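The next block holds one structure in the form of structure tokens; read it before the comments.
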């Protein structure tokens, strides 16, 4: 089971992510206040709180992976304002479309699902690495995840590698001049600031790495 990701683990991730995004809301908003609309932290915390409310209200047993991801995507689109809702909503909706109708994914499937979600974000926002957006964190994370899956790594190790790659991508946005979104209006003044979307991406992947590591540890101790 170490090389699979279950819908129960994904739900545990979403619940943990909601806590982390709420805890880092002020930090994310501070980043966004420098180059954006000063609402990224608030929007992400509100959106994931709504995701948890929907999970709590659900009944009928464990959802399949695509059903869970679709629910998240639709919630984010409807509850989060601005670009964040559209882009993160697209991420989860496109991941749902790429997921088999099962309650677990192999690590290789999970890597493909994340790649499909990120491709959807690229298609919607037309950003590439170097534009100073969330893609600067997501693209290297996808590459790390796919490489880890191909090498036979455990899910915990694979997501840890993805989170580390995302963090490097996040940090690499600091000196960049933004070429997409509200930050691009600032031109050279956008340099010197970490992109808030890359920061929230890293929070999500850090949390996923932690949850899968804890799940693996629980499995070994059982």
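Numbering (the working numbering), first residue to last: 187 to 408. Note that the Cβ used here is the ideal one computed from N, Cα and C, for glycine as well. Just so you know, these numbers come straight off a predicted model, no measurement behind them.
DSSP-derived helix/strand/coil call for residue i
| i | result |
| --- | --- |
| residue 313 | coil |
| residue 319 | coil |
| residue 291 | strand |
| residue 228 | helix |
| residue 266 | coil |
| residue 250 | coil |
| residue 359 | coil |
Length of the line joining the Cα atoms of residue i and residue j
| i | j | result |
| --- | --- | --- |
| residue 190 | residue 263 | 28 angstroms |
| residue 368 | residue 221 | 7 angstroms |
| residue 321 | residue 404 | 33 angstroms |
| residue 306 | residue 277 | 6 angstroms |
| residue 196 | residue 375 | 38 angstroms |
| residue 340 | residue 302 | 21 angstroms |
| residue 268 | residue 316 | 22 angstroms |
| residue 233 | residue 240 | 11 angstroms |
When the options are compared against residue i, the one with the closest alpha-carbon
| i | options | result |
| --- | --- | --- |
| residue 242 | 257, 378, 274 | 257 |
| residue 331 | 271, 285, 296 | 296 |
| residue 226 | 234, 214, 233 | 214 |
| residue 392 | 193, 192, 210, 194 | 210 |
| residue 357 | 301, 201, 245, 378 | 378 |
| residue 229 | 204, 248, 299 | 204 |
| residue 390 | 268, 232, 345 | 345 |
| residue 309 | 274, 292, 291 | 274 |
| residue 385 | 349, 400, 280, 401 | 349 |
| residue 289 | 198, 399, 382, 194 | 194 |
| residue 287 | 192, 395, 324 | 192 |
| residue 300 | 206, 284, 397, 207 | 284 |
Contacting residues, own chain, Cβ-Cβ under 6 angstroms from residue i (five flanking each side not counted)
| i | result |
| --- | --- |
| residue 351 | 326, 327, 330 |
| residue 409 | Within the shown structure, residues of the chain are numbered from 187 to 408, placing residue 409 beyond reach of any answer. |
Cβ shell of residue i (< 7 angstroms), same chain only, five flanking positions each side left out
| i | result |
| --- | --- |
| residue 236 | 261, 265 |
| residue 282 | 252, 255, 256, 259 |
| residue 224 | 215, 218 |
Residue range of the beta strand (DSSP E) that includes residue i
| i | result |
| --- | --- |
| residue 215 | Run containing residue 215: none in the beta strand (DSSP E); it sits in the alpha helix (DSSP H), 211-221. |
CB contact check: residue i to chain C, cutoff 8 angstroms
| i | result |
| --- | --- |
| residue 327 | Considering every chain present, this structure includes no chain C. It has just one protein chain. |
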